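To start, the structure under review is shown below, and the notes come after it.
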Amino acid sequence: MHVAASPLAGPETMRAMALARHGAAELPRPYHLPIPEPGPTQLLVRVHAAGVGRWDLHEREAAFARTQGRHTHFPHVTGSEGAGVVVAAGSEVRGFHEGDRIYGLVPHRNPKDGCHAEFALFDDGYTWRVPPRLSLDQAAVLPVDGGIALRGLRDVLQARSGDSLVLLGASGGIGHLALQLARNLGLRTLAIASGDDGVRLAERLGADAAIDGRRPGIERAIERFAPPDGALALLTAGGDAAARVIAAMPRGSRITWPNGVDMPAIARDDVTAQGHGAGDGPALMHALHALVEAGPLVPHVSQRFPLERIAQALDAVTRHHLGRIAVLAA
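Take a look at the structure:
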């Protein structure tokens, strides 16, 4: 829903952080906007927490508008994922009720408004109940990175129990969820994390071996860990570390990375290597939710900011951090 900003708060308005225009230097600004009304297949949710990720930086530069070929109406509320409590449901929604704790994804973010607001609309096909063991801020950061991790492991690498996985970026947003999914799938995992704190997180999440990718020794660790007839590699970070992992993987290995990761050229014909998209379709997201329910799969939220301090949250995304960053609307 795209509306003009109201200069004053009222009983039917909400606080929201929204873009006034596109631009690399633009930041979401505070607005008071009318609370949206749910359509027949939508839920109106009072947002407790929302994820903040690198895609929010890309959205400032019209990345979603370009890929979807649509015009953005401003002010445009950012935020692709969030969690909160149902306050109203459309006439065709089944299985959800007022007061339910839910988390959800807002796919195809243009022209839809997102979750960086007190209220948000979720299509019922992209909405799930929050398992009792998860807090709302943990659930809020699951959909995007969880979907990317599952798509890489299940669909591209076709990982099976007993496979050996080299996971670069294991302490990051995608990586720490991929590490838990790999453990649940029965994979042996070498976690290449960032910093001593990243190594400790990877070890706590069940990595069979964990090393600091900022230090020498990646090649030796892979040689000791990977079977000679090939292993799997999920690279959620790029640059020099990715080049070193690719060079060290044994013949016959399968390698993948999320689109958008800064990957080096791959000059090997004895491995299979390809990028993969986010894969935010309903089937994949429902499969992710089934794994979340089965558990254990717990997002690590390392930093939380009030909604109005989203500029600081976006800055934190570009710096060293573990797991995910969230903003709190309530």
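Position 323, counted from 1, in the sequence shown is what the UniProt record's numbering calls 323; the numbers after and before it change by one each time, with no gaps. Glycine included, every Cβ here is placed at the ideal spot set by N, Cα and C. Keep in mind it's a predicted model, so treat the numbers as computed, not measured.
### Exposure of residue 10, with buried meaning 16 or more beta-carbon neighbours within 10 Å
Because residue 10 sits at a pLDDT of 47, beneath the cut-off of 50, its placement in the model cannot be relied upon, and the following sentence gives the value as read from the coordinates. Exposed, by the Cβ-count rule.
Which runs of the beta strand (DSSP E) at least 3 residues long sit entirely within the region 215-253? Give them in chain order. Taking only runs of at least 3 residues, the beta strand (DSSP E) segments lying wholly in the region 215-253 are 232-235.
**Report entry** Cut-off 6 angstroms between Cβ atoms - residues of its own chain near residue 273, not counting five sequence neighbours on either side
**Finding:** Taken in chain order, the residues that qualify are 255, 266.
query = What whole-angstrom Cβ distance do residue 115 and residue 147 have, given they're in contact under 8 angstroms?
reply = With a Cβ gap of about 15 angstroms, residue 115 and residue 147 do not count as contacting.
| So is residue 61 in contact with chain C if we call contact Cβ pairs under 8 angstroms? | Checking the listed chains, one finds no chain C in this structure; it contains a single protein chain.
* According to DSSP, is residue 61 helix, strand or coil? -> It is coil, neither helix nor strand.
Selection from 129, 18, 133, 221 that minimises the alpha carbon distance to residue 76
Residue 76 has its Cα closest to that of 18, out of 129, 18, 133, 221.
Alpha helix (DSSP H) runs wholly inside the region 127-197, at least 4 long, in chain order: For the region 127-197, the continuous alpha helix (DSSP H) assignments of 4+ residues that do not extend past its boundaries occur at 136-140, 143-150, 173-185, in sequence order.
(message) For residue 294, report the span of its beta strand (DSSP E) as first-last.
(response) Counting along the chain, residue 294 falls outside any beta strand (DSSP E), though it belongs to the alpha helix (DSSP H) covering 282-294.
Q | Close Cβ partners of residue 6 (< 8 angstroms) along its chain, the five nearest in sequence each way excluded | A | For residue 6, the pLDDT reaches just 38, beneath the cut-off of 50, and the residue's location in the model is therefore unreliable, leaving the point undetermined.
Minimum length 4: unbroken alpha helix (DSSP H) runs contained in the region 32-117:
The region 32-117 contains these whole alpha helix (DSSP H) runs: 54-60, 63-68.
Worksheet entry | Limits of the beta strand (DSSP E) - the one that residue 266 falls within | Under the DSSP assignment, residue 266 falls outside any beta strand (DSSP E); it carries neither an H nor an E label.
Separation of residue 221 from residue 284, as counted between CA atoms:
When rounded, the separation of the alpha-carbon atoms in residue 284 and residue 221 is 33 angstroms.
Use the C-beta contact count for residue 180: other C-beta atoms within 10 angstroms, 16 or more gives buried, fewer gives exposed. By the neighbour-count criterion, in which a residue is buried when 16 or more other Cβ atoms sit within 10 angstroms of its Cβ, residue 180 is buried.
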